[in-house]
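Participant:
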Amino acid sequence: MAKIVTSGIQPSGKMHLGNYLGMLQQAVQLQDNPNYRRFYFIVDLHSLTGRYSPKEKAKEIYELAADLLAGGIDPKKSTLFIQSHVREHTELAWIFNTITSMGQLERMVEYKEKVSQGIAANVGLFDYPVLMAADILIYKGELVPVGDDQRQHLEVTRDIARTFNGRFGKTFPEPKAILTHAPRVMSLNNARQKMSKSLPQGCLFLTDAPKVMREKIMRAETDSYTEIGYDPVRRGAISNLVMIYAELSGLTTSQVVKMFKGVGYAEFKKELAELIIRTFKPFQERRAKLVKNRSQVMKVLEKGAKSAAPIAHVTMEEVRRKVGLI
Ligand code: ADP
Ligand code: TRP
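Counting from 1 along the sequence shown, just add 241 to a position and that's the residue number in the working numbering.
1) Could you tell me whether the Cβ atoms of ILE479 and LEU513 are closer together than 8 Å?
2) Please classify TYR293 as buried or exposed, where buried requires at least 16 neighbouring CB atoms within 10 angstroms.
3) Could you tell me if the beta carbon of VAL284 falls within a distance shorter than 7 Å of some heavy atom in the ligand NAD?
4) In chain order, which beta strand (DSSP E) runs of at least 3 residues are fully inside the segment 328–409?
5) Relative to the ligand ADP, is the shortest distance from any of its heavy atoms to the C-beta of LYS438 smaller than 7 Å?
6) Please identify the residue among LEU516, SER490, LYS530 and ILE469 whose C-alpha is closest to the C-alpha of TYR506.
7) Looking only at its chain, what residues have a beta carbon closer than 6 Å to the beta carbon of ALA334, apart from the 5 residues adjacent to it on each side?
8) According to DSSP, SER248 sits in a beta bridge with which residue or residues?
9) What are the start and end residues of the beta strand (DSSP E) that includes LEU321?
10) Drop a sphere of 10 angstroms on the beta-carbon of TYR281, count the other beta-carbons inside from all chains shown, and report buried for 16 or more, exposed for fewer.
11) Going by DSSP in three states, MET539 sits in which element: helix, strand or coil?
12) Taking all protein chains shown into account, do 16 or more other C-beta atoms lie within 10 angstroms of the C-beta of SER495, making it buried, or fewer, making it exposed?
13) Tell me the rounded alpha-carbon separation between LEU286 and MET500.
14) Between the segment 260–276 and the segment 378–392, do three or more beta carbon pairs fall short of 8 Å?
15) In chain order, what residues of the same chain lie with their CB nearer than 8 Å to the CB of ALA362, ignoring the 5 residues before and after it?
16) Please name the residue, chosen from LYS381, GLU383, ILE377 and VAL397, that lies closest to PHE367 on a Cα-to-Cα basis.
17) Quick check: the Cα distance between PRO473 and THR493, rounded to an integer number of angstroms?
18) So, are the CB atoms of GLU456 and LEU429 less than 8 Å apart?
19) When the Cα atoms are used, what is the spatial distance from ALA340 to LEU566?
20) Let me know the secondary structure DSSP gives ILE517 once reduced to three states.
21) Given 7 Å as the limit, tell me if ASP308 has its C-beta closer than that to any heavy atom belonging to the ligand TRP.
Here it is as structure tokens:
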């Protein structure tokens with residue numbers, strides 16, 4: 242039986258290099274494995290937990306679909322759709338709410354960080370990991386390509402699966418994260434924080450113009466050593482740049498360090514910027530075409546929802562029966 246791969250990405254802001262190296266690249270590579278069945282979705286409902294303008298939101302949803310398609314998600318190999326188009330995600334989330342403790346959600350680092358930044362939390366933000374568990378388990382997902390920041394949320398998913406199975410009989414697998422070699426790309430202007438859409442100054446967006454990419458890399462934080470090196474603990478900033486170079490070139494970090502031995506930071510950064518620009522040129526061209534062809538993108542998403550919905554429906558029927566709903 243095919244293993245089920247599931248992953249979701251929020252339509253809130255533009256796709257950055259961390260999203261690409263931590264999640265998208267891997268989701269694309271997994272498409273070549275004939276033993277997997279893949280469900281990738283745009284988690285529009287999750288993205289409503291932050292502040293947004295409805296008009297902007299609709300654009301972000303559709304543009305994220307263009308990003309994913311331009312980035313290599315192939316609708317012939319993967320089921321790509323919008324989360325809210327398959328209603329069972331939210332129905333299952335409700336059932337899961339009733340078996341999840343407040344205490345566990347109160348321990349979520351991402352939630353606590355947002356609250357400590359002064360963001361007025363709504364109940365949806367608090368409940369975010371439960372909806373994520375439903376996204377995965379409604380398809381009985383076993384493998385989840387995500388970045389390192391989602392590990393704790395995935396732990397909640399596993400706990401929910403275990404609790405449900407314990408109370409109502411074996412129903413769900415306990416899914417595992419699959420991480421890349423770059424599970425945590427750091428911010429370009431502060432290597433102690435992860436690159437994140439909520440800190441746009443430190444992001445390299447895949448849609449940035451070449452000039453902007455060059456400027457961002459040339460300005461990126463380094464250190465006061467004279468040679469490049471790879472030591473993520475003591476030299477986080479330069480190690481982050483070396484890792485990005487390695488991931489995009491297919492070399493190992495030690496090969497990159499060797500290759501740039503005796504070369505100054507400015508020269509290395511120039512080479513890195515050109516590598517990034519070269520890598521994402523085809524992506525940018527494909528994306529520009531897709532953004533203009535709205536009906537083609539919407540067709541893909543509708544078809545995706547149509548093929549995901551019957552599977553979600555079967556799981557939901559099983560859950561209803563097991564918990565005693567009639
Ligand atoms: P952001 O944190 O920028 O809002 P999302 O929450 O939309 O990004 O994340 C989408 C996917 O990209 C998730 O799988 C997440 O783990 C991954 N991801 C986000 N930021 C990074 C990063 N800096 N490094 C590696 N992976 C990341
Ligand atoms: N929580 C994820 C993030 O912030 C997005 C997400 C929602 C997700 N549902 C998911 C990821 C299911 C993997 C599987 O990035």
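Cβ atoms here follow ideal geometry from the backbone N, Cα and C, with glycine treated the same way. No experiment lies behind these values; they were computed from the predicted model shown.
Facilitator: Per the coordinate set shown:
1) Position 238 of the sequence shown, counting from 1, holds the residue named residue 479. Position 272 of the sequence shown, counting from 1, holds the residue named residue 513. For ILE479 and LEU513, no; Cβs fall outside 8 Å.
2) Translated into positions along the sequence shown, residue 293 becomes position 52. With fewer than 16 Cβ atoms within 10 Å of its Cβ, TYR293 is classed as exposed.
3) Only the ligand ADP and the ligand TRP can be found as ligands here, which leaves the ligand NAD out of the picture.
4) 384–386
5) Locating residue 438 in the sequence shown gives position 197, counting from the first residue. Yes; taking the cut-off as 7 Å, the Cβ of LYS438 has a heavy atom of the ligand ADP nearer than that.
6) Here residue 506 refers to the residue found at position 265 of the sequence shown. The option with the nearest alpha carbon to TYR506 is ILE469.
7) Here residue 334 refers to the residue found at position 93 when the sequence shown is read from its first residue. Around ALA334: VAL371, LEU372 and ALA375.
8) Numbered from its first residue, the sequence shown carries residue 248 at position 7. Answer is TYR281, bridged to SER248.
9) As a first step, residue 321 must be located in the sequence shown, where it is residue number 80. Taken as a continuous stretch (DSSP letters only), the beta strand (DSSP E) holding LEU321 covers 319–323.
10) By one-based count along the sequence shown, residue 281 stands at place 40. Classification for TYR281: buried.
11) As a working note, residue 539 is residue 298 in the sequence shown. Three-state DSSP puts MET539 in a helix.
12) Against the sequence shown, residue 495 aligns to sequence position 254. Exposed: under 16 other Cβ atoms inside 10 Å.
13) On the sequence shown, residue 286 is found 45 positions in, with the first residue counted as 1. On the sequence shown, residue 500 is found 259 positions in, with the first residue counted as 1. Answer to the nearest angstrom: the Cα atoms are 45 Å apart.
14) yes
15) Your numbering for residue 362 matches position 121 in the sequence shown. Excluding residues within five positions, the ones whose Cβ falls inside 8 Å are TYR352, LYS355 and VAL356.
16) For this step, residue 367 is matched to residue 126 along the sequence shown. Ranking LYS381, GLU383, ILE377 and VAL397 by Cα distance to PHE367 puts VAL397 first.
17) Within the sequence shown, the letter at position 232 stands for residue 473. Within the sequence shown, the letter at position 252 stands for residue 493. Cα to Cα, the separation comes out at about 14 Å.
18) As a position in the sequence shown, residue 456 is number 215, starting the count at 1. As a position in the sequence shown, residue 429 is number 188, starting the count at 1. Contact flag unset, no.
19) Taking the sequence shown and counting its residues from 1, the one referred to as residue 340 is at position 99. Taking the sequence shown and counting its residues from 1, the one referred to as residue 566 is at position 325. The identity of residue 340 in the sequence shown is Ile, whereas the question assumes Ala. About 15 Å.
20) Here residue 517 refers to the residue found at position 276 of the sequence shown. DSSP places ILE517 in helix when its eight states are reduced to three.
21) As a working mapping, residue 308 is identified with position 67 in the sequence shown. The answer is no for ASP308.
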